[in-house]
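Here the structure is laid out as structure tokens; the discussion comes afterwards.
2 protein chains.
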Amino acid sequence: MARIVMKFGGTSVADLDRIRNVAARVKREVDAGNEVAVVVSAMSGVTNQLVAWCQSLSPLHDAREYDTVVATGEQVTSGLTAIALQEMGVEARSWQGWQIPLRTDGAHGKARIDTVAADDIVARMARGQVAVVAGFQGIAPDNRVATLGRGGSDTSAVALAAALKAERCDIYTDVDGIYTTDPRIVAKARKLGKIAYEEMLELASVGAKVLQTRSVELAMKERVRVQVLSSFDGGNRLGSDLPGTLVVDEDEIVEKEIVAGIAYSRDEAKVTVRRVPDRPGIAAAIFGPLAGAGVNVDMIVQNVSADGTTDMTFTLGRSDLPRAHKTLDDNRAIIGYTELVTDTNVAKISVVGVGMRSHAGVANTMFRTLADKAINIQVISTSEIKVSVLIGADYTELAVRALHTAYGLDAA
Amino acid sequence: MARIVMKFGGTSVADLDRIRNVAARVKREVDAGNEVAVVVSAMSGVTNQLVAWCQSLSPLHDAREYDTVVATGEQVTSGLTAIALQEMGVEARSWQGWQIPLRTDGAHGKARIDTVAADDIVARMARGQVAVVAGFQGIAPDNRVATLGRGGSDTSAVALAAALKAERCDIYTDVDGIYTTDPRIVAKARKLGKIAYEEMLELASVGAKVLQTRSVELAMKERVRVQVLSSFDGGNRLGSDLPGTLVVDEDEIVEKEIVAGIAYSRDEAKVTVRRVPDRPGIAAAIFGPLAGAGVNVDMIVQNVSADGTTDMTFTLGRSDLPRAHKTLDDNRAIIGYTELVTDTNVAKISVVGVGMRSHAGVANTMFRTLADKAINIQVISTSEIKVSVLIGADYTELAVRALHTAYGLDAA
Chain E
23 MARIVMKFGG TSVADLDRIR NVAARVKREV DAGNEVAVVV SAMSGVTNQL
73 VAWCQSLSPL HDAREYDTVV ATGEQVTSGL TAIALQEMGV EARSWQGWQI
123 PLRTDGAHGK ARIDTVAADD IVARMARGQV AVVAGFQGIA PDNRVATLGR
173 GGSDTSAVAL AAALKAERCD IYTDVDGIYT TDPRIVAKAR KLGKIAYEEM
223 LELASVGAKV LQTRSVELAM KERVRVQVLS SFDGGNRLGS DLPGTLVVDE
273 DEIVEKEIVA GIAYSRDEAK VTVRRVPDRP GIAAAIFGPL AGAGVNVDMI
323 VQNVSADGTT DMTFTLGRSD LPRAHKTLDD NRAIIGYTEL VTDTNVAKIS
373 VVGVGMRSHA GVANTMFRTL ADKAINIQVI STSEIKVSVL IGADYTELAV
423 RALHTAYGLD AA
Chain A
23 MARIVMKFGG TSVADLDRIR NVAARVKREV DAGNEVAVVV SAMSGVTNQL
73 VAWCQSLSPL HDAREYDTVV ATGEQVTSGL TAIALQEMGV EARSWQGWQI
123 PLRTDGAHGK ARIDTVAADD IVARMARGQV AVVAGFQGIA PDNRVATLGR
173 GGSDTSAVAL AAALKAERCD IYTDVDGIYT TDPRIVAKAR KLGKIAYEEM
223 LELASVGAKV LQTRSVELAM KERVRVQVLS SFDGGNRLGS DLPGTLVVDE
273 DEIVEKEIVA GIAYSRDEAK VTVRRVPDRP GIAAAIFGPL AGAGVNVDMI
323 VQNVSADGTT DMTFTLGRSD LPRAHKTLDD NRAIIGYTEL VTDTNVAKIS
373 VVGVGMRSHA GVANTMFRTL ADKAINIQVI STSEIKVSVL IGADYTELAV
423 RALHTAYGLD AA
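Printed below as a string of structure tokens:
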């Protein structure tokens, strides 16, 4: 007997048949004697339609009204799922954010969760009632619906699991777990049984889009054990009890791999600001205006100085490139560079693993492996548990495969 | 300068263009210096879709969850309408039932409004903000969304107008007012400038489906002046300021017509219970079980007794006929009738007018007119301001036209 939270995404509740399947999956857990809370997303496609309506009426629509409109998607699914459960003889009740209440800050459209009142739900779960919570939303201090941003239902589920002191938060998705790398690129990629929060965070931030980054941060902070597993088991049938990947505290992982996984991202762009004066404050002159324009700079490299000038190279999300370019153009006189060189034909490859903390030579293995394949490294950045390099985009698959083998990750 | 409530039905907000039109219509009232609250229905078709989903998942679905699901239709429209108004420079804010709060009783799916808290909305209206209220819903004592039943947005609008002490409640619909009879049958039907609450109630209950009956009852009780007018002025364009029909206290109507209008309904069925024992308690034996089965009986006629037995004839809504038949079959032994005769090929024709109170001969004019056309009257019932007869359905148009002329209602 355990208390668990089960979260189902949009493709898992895409139509009435799938909602029935979700209800059947939930019933299995109830029948096994577990106390269950369910978090549901909108039926797939619904949120996009609602967002499109808001944008069509007003490109700069009011965030409060946007929230009022788009939150209905999850409200519909929560009610329908409760009905499907009741039809199967499972006592169930839907919950909107304002009913729980799940309180957020006032940042409509991308609100953060402050508190989740769990007492009533806990009491009902103890009586055998399943709580079906509309994901992605809460209530802001202005007594209006606030949504958590795209993918926010993952965060709803983790926050609910923390409030309910649940033993586990199961995130049902369209993949069956976290892999050592993208199985579409490396056939020998292995599904991980467990992965540490920090590793999942680094992987999420470098392109493995299984979980919303914020949900992993919250899980780490609140020590919620998260399981990523598949909604589907071939065709449309809901998954059997195949285990997925547990995202847990690293202390729970007995046999730590040095490298847990290899991620890649092609959504990168590289900017080089040529021949800026090599004087104190030049970095602030470049990156201050970029931050002001909301451009998220990732890796930064400053070349050694020659003749009193230097080159500054950095990477950023590709979609931010036009804004970065304009910002630097506008500030050219102040910065004093001679030329701006941009390159979107780049990819970022990252190796991630908490084992790096205690093992030297992880970065060196990466550099040597790429050198053996004649892949040029353009930029390097490191964190405590991650090494990332920027390379030419054409070498992405080659680099990922070679590194997967080099770190001993290939399946037998 | 006035305070008004404007209510728009599903066809008036069927798509984004029409929502923009509604916003433009509201803006005209704001620009004219009025304080405006708007009540909106779901985009047409949306509620039916949501209801169908609930029914498909469970024919006997939980009313609370049904309410959670179907109330989203109006929530979407309220947010979109607020966005459309803001885009036109009109300050606006959407309101769900739980936010106002508009409190109802606990009869989920067909709740009745208890109270409407208006202070916050009134204060905002005074500052120029338009309140866009999601119709059809409120919040029940269990802190869950409760819907008011189909057509409930009319009642929402009247209740809001009463709470706001609004000068008028304008109901925008797909007809441009209340007519002396159905213009599709009588080309010379006239649009009424004013009609009394009692007349509107009688007309609404005998088939003129312009306003939800309950909204008229509430308007009469709270003395809310209701105007029925058209959303459209040819094609898709929103109406100009053509006046509709005002539903008001009869004291406001100076020149009272004896008959205000003629209504008809083909949704009737007639049941005759043959040769029941003519003894005290026989009516209770027949109509008690029917009431218990939720069958709404309308007209009742008992023939004079012959040989100690009598025939009992009554009418009811056609959709209730199978249930009534089964109930009478089940109680045959107790009632002791010999035969059950049913007829669905009937129509009810009603003449309605508060002027009847002070004018004799209204019923006689009806009987004579129908006799002149050789139309047989099967059942008669009367109220203070209404005379209804049941006739063969084939004579519906003939009867309505003849009566329209006989009561001097034909347009010049």
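Protein sequence lines correspond, in order, to chains E and A.
According to the numbering used here, the first sequence is numbered sequentially starting from 23.
According to the numbering used here, the second sequence is numbered sequentially starting from 23.
Ideal Cβ placement from N, Cα and C applies to all residues, glycine included.
Have a look at the DSSP bridge pairing and note the partners of residue i.
i, result
"M65(E)", "Note: M65(E) sits in no beta bridge, so no partner."
"Q249(E)", "D192(E), L268(E)"
"S380(E)", "DSSP, once it has assigned bridges, lists no residue as partnering S380(E)."
"A153(A)", "A59(A), R115(A)"
"A218(A)", "V270(A)"
"S372(A)", "A285(A), S410(A)"
"A168(E)", "G160(E)"
"E361(A)", "R296(A)"
"V27(A)", "A59(A), C191(A)"
Could you give the DSSP three-state label for residue i: helix, strand or coil?
i, result
"L343(E)", "helix"
"I440(E)", "The question about residue 440(E) has no answer here: the residues shown for chain E are numbered 23 through 434."
"A421(E)", "helix"
"D39(E)", "helix"
"W117(E)", "strand"
"D176(A)", "helix"
"T33(A)", "helix"
"A133(A)", "coil"
"V138(E)", "strand"
"A434(A)", "coil"
"V197(A)", "coil"
"T366(A)", "coil"
"K278(A)", "coil"
"R212(E)", "coil"
"R125(E)", "strand"
Looking only at its chain, what residues have a beta carbon closer than 7 Å to the beta carbon of residue i, apart from the 5 residues adjacent to it on each side?
i, result
"A133(A)", "T126, D127, G160, A162, A168, T169, L170"
"G257(A)", "Summary for G257(A): the model assigns pLDDT 45, below 50, so the residue's position carries little reliability, and this model does not support an answer."
"L38(A)", "none"
"A428(E)", "T387, T391"
"I217(A)", "I200, T267, V269, A282"
Ignore the nearest five residues each way along the sequence and tell me which others in residue i's own chain have a CB closer than 6 Å to its CB.
i, result
"S116(A)", "S100, G101, A104, V154"
"T366(E)", "A291, R340"
"I304(A)", "V298"
"S237(A)", "D176, T177, V180"
"V409(A)", "V373, A385, M388"
"L124(E)", "V138, G160"
"I402(A)", "V411"
"T349(A)", "P311, L312, A315"
"D196(E)", "T33"
"N398(A)", "none"
Shorter than 7 Å, the distance from the beta carbon of residue i to the closest heavy atom of the ligand SAM, or not?
i, result
"R247(A)", "No copy of the ligand SAM appears in this structure; indeed no ligand is present at all."
Within its chain, find whatever has a CB closer than 8 Å to the CB of residue i; leave out the 5 residues flanking it on each side and keep chain order.
i, result
"H83(A)", "C76, Q77"
"T404(E)", "A385, S410"
Inset, instruction - List in chain order: all unbroken beta strand (DSSP E) runs of 3+ residues lying wholly within the segment 284–348 of chain A. - result: 290–299, 319–324, 331–339
Legend entry - Contact the segment 91–107 of chain E vs the segment 89–105 of chain A: 3+ CB pairs below 8 Å: yes
Legend entry - Inter-stretch contact (C-beta, 8 Å, three-pair minimum) for the segment 413–425 of chain A and the segment 277–297 of chain A: Using a C-beta cut-off of 8 Å, the segment 413–425 of chain A makes contact with the segment 277–297 of chain A, since at least three inter-stretch Cβ pairs fall below that distance.
Legend entry - beta strand (DSSP E) runs wholly inside the segment 387–432 of chain A, at least 3 long, in chain order: 401–405, 408–414
Inset, instruction - Count the C-beta pairs between the segment 25–39 of chain A and the segment 63–76 of chain A that are closer than 8 Å, then say yes if the count reaches three, no if not. - result: Counting C-beta pairs closer than 8 Å gives three or more between the segment 25–39 of chain A and the segment 63–76 of chain A, which meets the contact rule.
Legend entry - Validate contact between the segment 40–50 of chain A and the segment 240–247 of chain E using beta carbons, cut 8 Å, 3 pairs: no
Legend entry - Stretch-stretch touch, CB-based, cutoff 8 Å, three pairs: the segment 306–319 of chain A with the segment 271–285 of chain A: No, the segment 306–319 of chain A is not in contact with the segment 271–285 of chain A.
Inset, instruction - Would you check if there are 3 or more beta carbon pairs closer than 8 Å linking the segment 143–157 of chain E to the segment 200–215 of chain E? - result: Result no; under three Cβ-Cβ pairs closer than 8 Å.
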